[in-house]
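Sequential numbering of the sequence shown, starting at 940, is according to this note's numbering. Have a look at the structure below, then the notes.
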Amino acid sequence: MESGDDRRSETGSEAKPRLSEAAPAEAKRGAPATPADRAAAADQHAAVAITEVPPPHRGTRPRPEDRGPTSEKHPWRKWSLLAAAVVGLAVAGYFLVPWVILVLNTVSTDDAYVNSHVTFAAPRVGGQVEKVFVDDNYRVKKGDLLVRLDKEPYQVQVALKQAAVESAEADLVAAQAQVRAQVAQARANRFKLEHAMEDVNTQVANLRANVATLSSRRATLELARANLKRGQDLAPSGGVSKEDLDQRRQTVKVDEAAVEQALQAVYAIRAGLGLPADPGPGHDLAEVPPDLDQNFSSVRQALAALLQSAAQFGYLITTWDATPKQAVADFYKQDPKGNLDRIYAHIIANAPAIKQAEAKLLQARSDLDQAKLNRRYCDVVSDIDGVVTSRNVNPGNYVQAGQNLMAVRSLTEIWIDCNFKETQLANLRIGQRVRCEVDMYGSRREYEGRITGFTMGTGQTLALLPPQNATGNFVKIVQRLPVRVELTNYDPDKETLFVGLSVEPYVYYKEPATGPNAGKFLQPFAPLQTGPTNPRP
């Protein structure tokens, strides 16, 4: 086995001839050395100076002097490299694994923006602006005063309408008094008519009583005549005395006088009723026509007065050609129980003059209410809680009704409009959980939300001028459909989301949807009021 010194001596002996061989080469050339030649010679001298360490013999354990400097002097390098590799893999896994899980379980887009409801503050009446109470970026509450118009012209209108109401009230009182007087006159005329009809009925009853008396007396007369005839038949045989026969003759005369008296009384009553004394064959003396009361001037005059007084206050009790009995019956039909007080109260309440006066009063009061509303509308207030934007009004400006003075953006009714590609919509449903990252806050603040609806049309189809691809060249472009996401953990008092901020939503479509209408594309029917003009099965 050769020693290390022998190898080093051999190496040195071999290096010397090489150096000596390089020197004659320069001498043979006979030319001066160039900078390149001098550099090459220096490199050659450096290479020769390096001691070559031969590899250890096979099958033998390397000697300590044959080992490299790294294997013995720096053993920690191997373990540090291994540890660095493990740490690198762990860090890569820490960041890559959540990202891979997120990509595999969510659908996201960078085309999403914050949106909110906006209400435009506009006056309901026109006028000159007296004062503006807010400016851009002011935060307001619902009902806060924004702008005030000059109220003086509307105050004048209120005074005029108030005077019109008082005049209409006076007209109503006068109409009621007039109708009550006319109703009182009609009431008196009705009483006269009923009294006249009662007189006729009394005379008819008296006629029938006298006819009954006449019939009774005629029966008595027939009986007296029969007794007289029997006495006359028995007188020749002495069965009846002369005095008895004379008494029977006297009774017949008395009964005949009574019958004649009763008959004259009946004739007198019939004459008073305007009936002929002899009704003719087949008719009874007590028989009277059904419309007998029309033959009396008192009844006719009372009926005419009643109809005329009723016509004065515009209430037709019955027809003009009605009989007195029909007129009275129709009058009592105004109340189911025939109560006169309720009948007259109903007549007064429904008199055309009173109805007209009440209508004028109602119109005057409505005009007064509208004038007061117009005066109140001079104060333009905020309809929602929010922030004032786009103010374009100043004191002294004259504004029209409905003119937009400023806008108020809601701070509470905030949502995200996410424009997903049509290729991403297959797994999206209402109620799915959404995690939103707003670019303004970055990943340090995340908002939770839920999908609440899908717009029934892409942005192009809902544009004012939708594209027409029926003719010419056509290039297919992936369409985007707006999807609304309602935030569930947003608090405007802690941090504000401004309208238009960019958002990156992540929809966890593999999680079960929750909430109302979960798992659907469309919302249910709106809770509209049903009715004949808005039928719904």
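Beta carbons are placed, not taken as given, at the ideal position from N, Cα and C, and that holds for glycine.
Assigned secondary structure, residue i (DSSP; H/G/I helix, E/B strand, else coil)
i, result
"ARG1078", "strand"
"GLY1094", "According to the sequence displayed, residue 1094 carries Gln and not Gly. Three-state result, GLN1094: helix."
"ASN1428", "coil"
"VAL1053", "strand"
"ALA1457", "coil"
"ILE1416", "coil"
"TYR1337", "strand"
"GLU1387", "strand"
"LYS1392", "Sequence check: residue 1392 is Gly here, not Lys. Note: GLY1392 maps to strand in three-state DSSP."
"ASN1343", "coil"
"GLY1066", "strand"
"GLU1105", "helix"
"GLU1226", "coil"
"LYS1449", "coil"
"ASP1217", "coil"
"ASN1358", "strand"
"THR1058", "strand"
"LEU1440", "coil"
"VAL1422", "strand"
"LEU1404", "coil"
"THR1159", "helix"
"VAL1332", "coil"
"THR1351", "strand"
"VAL1073", "coil"
"SER1019", "helix"
"SER1176", "coil"
Integer-rounded CB distance, given that residue j should sit under 8 Å from residue i
i, j, result
"ILE896", "GLN1363", "The chain is shown from 940 up to 1476; residue 896 falls before or after that span and cannot be answered."
"CYS1375", "VAL1442", "5 Å"
"ALA1303", "VAL1104", "4 Å"
"ASN1149", "ALA1210", "Between ALA1210 and ASN1149 the Cβ distance is about 12 Å, and since that is not below 8 Å, they are no contact."
Delimiting residues of the beta strand (DSSP E) encompassing residue i
i, result
"ILE1369", "Note, ILE1369: premise wrong, no beta strand (DSSP E); not H, not E."
"LYS1433", "Looking at the DSSP string, LYS1433 is not in any beta strand (DSSP E), and its letter there is neither H nor E."
"LEU1184", "Unbroken run through LEU1184 is the alpha helix (DSSP H), 1181-1211; no beta strand (DSSP E)."
"VAL1319", "1318-1320"
"LEU1088", "1084-1088"
Beta-carbon spacing of residue i, residue j below 8 Å
i, j, result
"GLU1425", "GLY1388", "yes"
"LEU1307", "GLU1108", "no"
"TYR1093", "ALA1310", "yes"
"GLY1398", "ARG1383", "no"
"LEU1212", "VAL1122", "no"
"VAL1071", "ARG1314", "no"
"ARG1087", "ASP1322", "no"
"SER1428", "TYR1386", "According to the sequence provided, residue 1428 is Asn. The question's Ser does not apply to it. Yes."
"ASP1356", "PRO1405", "no"
"VAL1068", "ASN1343", "no"
"LEU1146", "VAL1198", "no"
"THR1058", "PRO1444", "no"
Length of the line joining the Cα atoms of residue i and residue j
i, j, result
"GLU1434", "ASN1044", "29 Å"
"GLY1325", "PHE1393", "26 Å"
"THR1190", "ALA1163", "6 Å"
"GLN1339", "ASN1333", "14 Å"
"PRO1463", "MET1379", "35 Å"
"LEU1461", "LEU1440", "27 Å"
"PRO1215", "TYR1206", "8 Å"
"SER1155", "GLY1177", "32 Å"
"TYR1052", "LEU1350", "15 Å"
"ALA1290", "ALA1296", "10 Å"
"ASN1456", "THR1400", "26 Å"
"LEU1184", "LEU1167", "7 Å"
"ARG1330", "MET1345", "4 Å"
"GLY1396", "ILE1416", "15 Å"
"GLY1027", "VAL1046", "29 Å"
"VAL1075", "LEU1085", "As written in the sequence, residue 1075 is Asp, which differs from the Val given in the question. So the alpha carbons of these two residues sit roughly 11 Å apart."
"LYS1181", "ALA1158", "25 Å"
"ASN1054", "ILE1353", "6 Å"
"ASP1217", "HIS1134", "28 Å"
"ASP1110", "THR1328", "52 Å"
"ARG1081", "GLU1450", "Per the sequence shown, the amino acid found at residue 1081 is Lys instead of Arg. Rounded to whole angstroms, LYS1081 to GLU1450 spans 38 Å at the Cα level."
Residue i CB to nearest heavy atom of the ligand FAD below 7 Å
i, result
"VAL1143", "In the structure shown, the ligand FAD is absent, as is every other ligand, since no ligand is present at all."
Beta carbon proximity, residue i to chain C, threshold 8 Å
i, result
"ASP1183", "Included in the structure is just one protein chain, with no chain C present."
Residue range of the alpha helix (DSSP H) that includes residue i
i, result
"THR1328", "First-last for THR1328: 1325-1328, but that is the beta strand (DSSP E), not the alpha helix (DSSP H)."
"ALA1291", "Just to set this straight, residue 1291 is Pro in the shown sequence, not Ala. Unbroken alpha helix (DSSP H) run through PRO1291: 1291-1315."
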